[in-house]
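First comes the structure, then the notes that go with it.
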Amino acid sequence: MSVNRVVLIGNLTRDPELRSTGGGLSIVKMGIAVNDRRKNQQTGEWEDVPNFFDVVAFGQQAEKYAEWFRKGNKVAVDGKLRWSQWETPEGEKRSKVEVMADWIESMSGRDSNGSRDYDAPSSGAAAPVGGGRDGEEIPF
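The opening residue of the sequence shown carries number 502 in my numbering; numbering runs sequentially from there.
Here it is as structure tokens:
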């Protein structure tokens, strides 16, 4: 048995980049920084060390994420890891691991004026990619 699940909470490192395939499928890519707490062996002090991950989402929700989120927003991402490899034109082998998001939810909340810092439904509901967890449609 294998399990491939990842849940991350962190801050977006760049604005989402929305593209589409030749067939019209929307794809959004964004980066997330997640801090890891480590003890500095030289000073003995605890410090935050960032880890950076690329996040990808597809379909209609990809368009919504590109609309709602901006660099600096705190988000929760639930998805799976996908590894890919390729060869550069110079013949060098490259690989990367990306988070394929099933849903992304804003954790930023409201600003000091009481308004949301992103343009998303006020219910605070998560926005699953491709419909709800059991395949039902999300009403927004």
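Just so you know, even glycine gets a beta-carbon here, dropped at the ideal spot from N, CA and C.
{"Check": "6 angstroms Cβ shell around K540 - same chain, five flanking residues per side excluded", "Outcome": "W547"}
{"Check": "Contiguous alpha helix (DSSP H) assignments of at least 4 residues, all confined to the stretch 508-578", "Outcome": "560-569"}
{"Check": "Three-way DSSP call (helix, strand, coil) for M608 in this model", "Outcome": "coil"}
{"Check": "DSSP state of V598 mapped onto helix, strand, coil", "Outcome": "strand"}
{"Check": "6 angstroms CB neighbourhood of L519 in its chain, flanking five on each side removed", "Outcome": "V529 and A567"}
{"Check": "Inter-stretch contact at 8 angstroms, needing at least 3 Cβ pairs: the stretch 584-595 / the stretch 545-565", "Outcome": "no"}
{"Check": "R583 in three-state terms, based on DSSP", "Outcome": "strand"}
{"Check": "Alpha carbon of M608 to alpha carbon of G524, nearest angstrom", "Outcome": "33 angstroms"}
{"Check": "Rounded separation between W584 and N505 - CA only", "Outcome": "11 angstroms"}
{"Check": "Burial state of N574 (16 or more Cβ within 10 Å)", "Outcome": "buried"}
{"Check": "Close-in-space but distant-in-sequence residues of the same chain around N512 (CB under 8 angstroms, 5 per side omitted)", "Outcome": "I533, A534, G573, N574, K575 and V576"}
{"Check": "Three-state secondary structure assigned by DSSP to E593", "Outcome": "coil"}
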